[in-house]
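Residue numbers (this note's numbering), protein chains in the order written: chain A, 1 to 270; chain B, 271 to 540; chain C, 541 to 810; chain D, 811 to 1080; chain E, 1081 to 1350; chain F, 1351 to 1620.
6 protein chains.
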Amino acid sequence: MARMLIAGPHPDDQELGMGGTIIRLASQGHHLLLLDVTNGEPTPLGTPETRRQEAADALGVLRDAAAKFAERNNTEPGSIVRVCLGLPNRYVEHTIENRHAIAGAIRAWQAEALFTPFFQDAHPDHLAVTRLVEDARFDAKLSKVSMPWPIDHWTGEPMPAPVIDGVGVDPKNPPTLYPKWLFYYYASHLRWVADPSFLIDITGLVDAKIDSINAYHTQFVLPEKNRKVVEWVKAAGTYLGSRIGTDAAEPFFTKEPLGLVSLAGVVGLA
Amino acid sequence: MARMLIAGPHPDDQELGMGGTIIRLASQGHHLLLLDVTNGEPTPLGTPETRRQEAADALGVLRDAAAKFAERNNTEPGSIVRVCLGLPNRYVEHTIENRHAIAGAIRAWQAEALFTPFFQDAHPDHLAVTRLVEDARFDAKLSKVSMPWPIDHWTGEPMPAPVIDGVGVDPKNPPTLYPKWLFYYYASHLRWVADPSFLIDITGLVDAKIDSINAYHTQFVLPEKNRKVVEWVKAAGTYLGSRIGTDAAEPFFTKEPLGLVSLAGVVGLA
Amino acid sequence: MARMLIAGPHPDDQELGMGGTIIRLASQGHHLLLLDVTNGEPTPLGTPETRRQEAADALGVLRDAAAKFAERNNTEPGSIVRVCLGLPNRYVEHTIENRHAIAGAIRAWQAEALFTPFFQDAHPDHLAVTRLVEDARFDAKLSKVSMPWPIDHWTGEPMPAPVIDGVGVDPKNPPTLYPKWLFYYYASHLRWVADPSFLIDITGLVDAKIDSINAYHTQFVLPEKNRKVVEWVKAAGTYLGSRIGTDAAEPFFTKEPLGLVSLAGVVGLA
Amino acid sequence: MARMLIAGPHPDDQELGMGGTIIRLASQGHHLLLLDVTNGEPTPLGTPETRRQEAADALGVLRDAAAKFAERNNTEPGSIVRVCLGLPNRYVEHTIENRHAIAGAIRAWQAEALFTPFFQDAHPDHLAVTRLVEDARFDAKLSKVSMPWPIDHWTGEPMPAPVIDGVGVDPKNPPTLYPKWLFYYYASHLRWVADPSFLIDITGLVDAKIDSINAYHTQFVLPEKNRKVVEWVKAAGTYLGSRIGTDAAEPFFTKEPLGLVSLAGVVGLA
Amino acid sequence: MARMLIAGPHPDDQELGMGGTIIRLASQGHHLLLLDVTNGEPTPLGTPETRRQEAADALGVLRDAAAKFAERNNTEPGSIVRVCLGLPNRYVEHTIENRHAIAGAIRAWQAEALFTPFFQDAHPDHLAVTRLVEDARFDAKLSKVSMPWPIDHWTGEPMPAPVIDGVGVDPKNPPTLYPKWLFYYYASHLRWVADPSFLIDITGLVDAKIDSINAYHTQFVLPEKNRKVVEWVKAAGTYLGSRIGTDAAEPFFTKEPLGLVSLAGVVGLA
Amino acid sequence: MARMLIAGPHPDDQELGMGGTIIRLASQGHHLLLLDVTNGEPTPLGTPETRRQEAADALGVLRDAAAKFAERNNTEPGSIVRVCLGLPNRYVEHTIENRHAIAGAIRAWQAEALFTPFFQDAHPDHLAVTRLVEDARFDAKLSKVSMPWPIDHWTGEPMPAPVIDGVGVDPKNPPTLYPKWLFYYYASHLRWVADPSFLIDITGLVDAKIDSINAYHTQFVLPEKNRKVVEWVKAAGTYLGSRIGTDAAEPFFTKEPLGLVSLAGVVGLA
């Protein structure tokens, strides 16, 4: 089972782009860190406090769904943790300091795979976060240089050190590592037509995904016009599912070719 | 475990393009039909008799390697069967009759996945075979029309009916089916630079692959200049392996997006 | 107002791929010929008779919807005509004779724009029809050679000669012409992810489109598993609509760059 | 009729890339803001004063041509306004401050569509401006944050507030908005071969376009070698016109799929 | 110096697509066979007799220009020969017999490089010829099978056997060979925007190229609307020349990556 | 013969990506500046002192090989010079100051062609250097502004002024110029599958290339796992050579179309 970091420029991006996949991967035993790069505020109807609560609620939805899906499939679910770096919403920049902040989170979580928004987007924060994650992947492996241990903006406390195979990661000196994979999920404000490298089947997980999105009450329930976004997310899932012969799916992109040791995970051949 | 059909315009194309993958998939329990569309003759140094023997020898190499690899990994290997349709080498054409001949093989084997050469090639037979396979995939599912049961050109006998879950396929009335996947492997005479959708790790299987190629003695051992082809195949494997962080790999292409139910088969996450 | 020919390999392909656009274009005054290349039979539950009736019913749905939409928008609707060439379903081939059959229809209708299925497809008939249309576009302009006037397979009668600006086309000697545009619509049996050159907004036309599809009762209502196709079509419409900021849209492809004399037709700028 | 903002890194980029389209769109009633991001100086033969005068002269050429073309087509022309932001030529950087400067212009003009140079270019200023415009499009819609009202570098005065439907925009509090479209025009110093999403017919407008370019006397008339650029622009127009069957055309790119409500603006179908 | 075969579906395609390059390559000492696959007739104003004469005239223009350009550059020009296969205009098909006809010409000329129209085209003959050339390239190398020696349709006589390094090719048994390169030139009836792999500088050769085109008097001088085609060809040359910094250029495409032993031929580095 | 600048983010990138081509181009008389943007340190086993020595050793290997290859081919070799800019390893940023530092080197060397790493990479320094080179190409041509003459970080001394056609470049006032070509070589830490615009044959130069890489003893000999990189480089060379029919090759990319004045440099036609 692998350790994965899913970067969201704002809380809710991860749910919108790959909420179903988060549930599936966690249900299969992977350990996931949802890294909120900003707290997402200000927005028209939100406040930092409501946003923090909503992010926590969404996390609860995802965890519950993962546990239930694992039970149904007789698998042992992995953990899902959420941490916010607290960079300034609407002002995220591609700087070395910010690269290192994310590299610190990669080391802290000992992430073997990274997920970040697709590199075509209309939102400046999304573009900046993705450039940061791309560079931080490399920074995380640099010898002879330390990266800052994440302080969780939601709590003001250092991110709890994960325990891996019974041993805690040392916040003072987490091992360097190079995440093997960098996958892009689609949460783009650009009206880009997804051209995915692969899709992940989320059959049976759509309702929970939508619940996790609607947990952001100030973003998708209160503002009437944003409810349409939720409809779009559902339709995209159904359409993309039809491309692999399942009820629903989420798209992913990778610049590096996907490497397989088997076709065991392929829809219809599993 | 799935049933797969691997079409080769000429015997040796399957080995050149995906010999390592054949071994790996068979070792994992999949059941493979190597469908030689022609007998590959005439060639400068071959005869139909030598080619038949070489195809059989290559099959033996693949089967032995699959059995050994399965043993090493504690898996139960699947079967590998070889059948030749006997279409005329150098004169393969894209006709409805030929489409149906291949559709007949798809039904006979009850193939859920197809492999055929990449659609950019300099060899007219390769281009024709791939067009035939693409169309035959659809023909195989047509209701109210029968397709010819394959006669094995190597033996002159009808292809033996496979037994699936203890029940033999009825040669007079094999069920219609639509193979879920059509994958392209690279065995191109065009000097195309592979741009794969995904790669399959063949670490530890390169020697057996090369042995299976060299089993075509009149094609790759006797003609000195063709020995270079074997070197190229090896180098391509190493280069492509480097693209997914393994010792060697083989490339594949799919026009339909790859659908996954897990990342279990992904290199480094398995 | 322009004259347009929409080729469907089988009746229902036009509705599936661009039913909403057919309604919109007709409502705006364009004159459309739905050219069924085959009668679509045999299928599991259909017969030539039911299919003929269903094609007529679908045509009725489209005509009614166009009339209503025109009324709502105070425009003068154009005509929609349906003719079947009666080539053999499942056996359509790319021959000069078949090219000329379609070139004859282009001349008969004096079509200035052609629509045909996207050139990536799993269905051999679709691929063949699209190659035929591509070539027939050129054949239609050839001087010194006549093309056959279409005989409508549904009625056994010659296609009625259209009257253009008060003058009837002469079936014995229809003028040659080269359709200015060849657009591809998506009705693919390949699980291709649409990568459109442009989208046409079908807001408000989805229900009528679905009705026109369901008019093919033996294809989409009786066979339970095909009802899913209708769901997919709806979801694709919603998803693609979200790409241009409308409730629904249909995708189109053009190999030749789209040429505009104004941005008057662009969503949001109109 | 829509309000459009056309960003030029230096005065003359808009004329070179889309001078004909500017005339056409204005003649059709759209209201255009030519936003010069820098004053274009220093250059070998120019001065800030000559450049200001040349930009004004070019504007005059465009306005006159739009008025004449409108008269010929019986349309009511829209306005063309020119404002210079005065960022430092050769030193334009992708900063939040510069993003906001452009976002301020978007709000001030209430621009519904943006045009900016294609994102592949050899000129650092072009690349920077396009990144700024891409991000500013999003910044312009942000609630709870004000953007600076543009000061026109040419006059040193605040940009005059436009009057829309009889109501003036309030410089102290212009409404937020998200421009529906971001189109890229080609004015690249990279010898890129244009791969346009669509072309706009500029038949009959080439002479006026060339006049507007030659109004930059210090850039295209005095320096003999730059006269070649004007020849290239003409040839590109003719070549691209041939791709849509018109005398001349200008190319445009869009990352978001073009959405149409009709084919009314399509060459040959209008 | 190399031997090259330039296939034209109809006489004039070679001149339109690469007339300047033909002159340049011949002037540099390469030996070129212009292979007219059909005689190009019927056309509205042509006859087989006029077309034969025009093809001969065009050849004369190319030869003279090559000789003059060679003299100017102090190089020894190679030969240019023209042969017509006489396949039926408007009815060229992709058959094995036609493949072999072209393979016969490849062997007869001992062609090391082939040029054929780009594979996207609206003219069925162009598409067919290019598929034939692609396949014939491979057929030409097949051992144990003879290909027909070309009969020149213009004269009714067998094509004269070329003399290579002082030895004549034996028409009864020309050596097999595999042309190292297959390049596509652009002479497309589709309004395709050229996306070339490389361009060849034709500075100083445009006038001669245009003369060679106008030698087809019944095609480009008599029919007034076709004179526009010549203007387009000129503009395309100027535009594409601007992409490599020369006065004019012609575009080429290759599916196989271009391999260089030096940058000696690169514009500006030579 | 041309003057070329080959930018390496760290010493060894040039050798890894295009060591064979460096030898070949120098052997043919071109004059090459290897510009190390950083000194490459820190690394796990290196020090600034060892890295300086290794860079010098690698340079010696390249020079010797170029001299020998020139002798074998009876050509007059050009010079190879190495200079380090000393920007901070791991902290290279895309700033105007850094752009100008590279523009200064372009002017100092009077470089007509630039080589820089491919623009898809996982290493932040590589991405930054390539953006700097892209912009510096343009900065180098700017009139009325001076760029800093390079100080060689390895020696602390100003880079020696080259002598061109017997005249030394004046460090106080080197001429402005715009390098005609910008080529990308592949030295990417991203597992990108090369998609080259063209390949350069390095047959017979692989051993010397590998020697030049192994001269970086602390990078590729001492660290056992990095020896694999050298194997990958060799395999990539063999694989890519097979794509142009040579023993080995190196890939290059260009955004601007390659312009040729002859096919003299093309493999097999030279």
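Glycine included, every Cβ here is placed at the ideal spot set by N, Cα and C.
This structure is a prediction, so every number in the text was calculated from the model and none was measured.
Beta-carbon neighbours of residue i, restricted to chain H and to distances below 9 Å
i, result
"E/Ile1324", "As a matter of chain content, chain H is missing from the structure shown, whose protein chains are A, B, C, D, E and F."
Nearest-angstrom beta carbon gap, residue j and residue i [assumed within contact, 8 Å]
i, j, result
"D/Phe1008", "C/Leu798", "4 Å"
"F/Asp1489", "D/Pro934", "7 Å"
"A/Ala264", "B/Ala534", "6 Å"
The beta strand (DSSP E) enclosing residue i, as first and last residue numbers
i, result
"B/Met274", "Arg273 to Gly278"
"B/Gly289", "It is not in any beta strand (DSSP E) - B/Gly289 instead sits in the alpha helix (DSSP H) that spans Asp283 to Ser297."
"B/Leu530", "Leu528 to Leu530"
Proximity test, residue i beta-carbon vs the ligand SAH heavy atom, cut-off 7 Å
i, result
"D/Leu992", "No copy of the ligand SAH occurs in the structure displayed, which carries no ligand at all."
Neighbourhood of residue i by C-beta distance below 8 Å, restricted to the same chain and skipping five residues each side
i, result
"F/Arg1413", "Ala1376 and Ile1430"
"D/Pro898", "Thr848"
"E/Thr1130", "His1297 and Thr1298"
"D/Met811", "Gln838, Gly839, His840, His841 and Gly888"
DSSP beta-bridge partners of residue i
i, result
"F/Glu1600", "F/Ile1550"
"A/Glu76", "None, per the DSSP bridge assignment."
"E/Ala1193", "E/Met1084 and E/Trp1261"
"D/Pro968", "D/Ile961"
"B/Ile434", "B/Val437"
"F/Arg1402", "For F/Arg1402, which the question treats as bridged, DSSP gives no partner whatsoever."
"C/Val806", "D/Leu1070"
"B/Arg352", "B/Leu304"
"F/Leu1437", "F/Thr1388"
7 Å Cβ shell around residue i - same chain, five flanking residues per side excluded
i, result
"A/Val129", "Ala7, Pro9, Val37, Val92, Thr116 and Pro117"
"E/Val1249", "Ala1188, Gln1190, Ala1241 and Pro1242"
First through last residue of the alpha helix (DSSP H) which encompasses residue i
i, result
"A/Asp125", "Pro124 to Asp139"
"C/Gly777", "Arg767 to Ser782"
"B/Val307", "Premise fails: B/Val307 lies in the beta strand (DSSP E), His301 to Thr308, not in any alpha helix (DSSP H)."
"E/Asp1275", "Here E/Asp1275 belongs to no alpha helix (DSSP H), and DSSP marks it neither H nor E."
"D/Phe1030", "His1027 to Phe1030"
"F/Asp1557", "Val1556 to Asn1564"
Residues near residue i in its chain [Cβ-Cβ closer than 6 Å; skip 5 each side]
i, result
"D/Glu1060", "Met828, Gly830, Thr831, Ile1010 and Ile1012"
"B/Ala340", "Ser297 and Pro347"
"B/Tyr448", "Lys411"
"F/Pro1392", "none"
Does the segment 104 to 116 of chain A come within contact of the segment 924 to 931 of chain D, defined as at least 3 CB pairs closer than 8 Å?
The segment 104 to 116 of chain A is not in contact with the segment 924 to 931 of chain D.
Can we say the segment 599 to 617 of chain C touches the segment 745 to 755 of chain C, given the rule of at least three CB pairs closer than 8 Å?
Cβ pair count under 8 Å is three or more, so yes.
Could you tell me whether the segment 231 to 239 of chain A touches the segment 487 to 499 of chain B, using the rule of 3 or more Cβ pairs below 8 Å?
With the cut-off at 8 Å, the segment 231 to 239 of chain A and the segment 487 to 499 of chain B do not touch.
Please determine if the segment 992 to 1010 of chain D and the segment 844 to 861 of chain D are in contact, where contact requires at least 3 C-beta pairs separated by less than 8 Å.
With a cut-off of 8 Å on Cβ pairs, the segment 992 to 1010 of chain D is not in contact with the segment 844 to 861 of chain D, counting fewer than three such pairs.
Quick check: the segment 693 to 703 of chain C against the segment 620 to 629 of chain C, are at least 3 beta-carbon pairs closer than 8 Å?
At 8 Å Cβ cutoff, the stretches touch.
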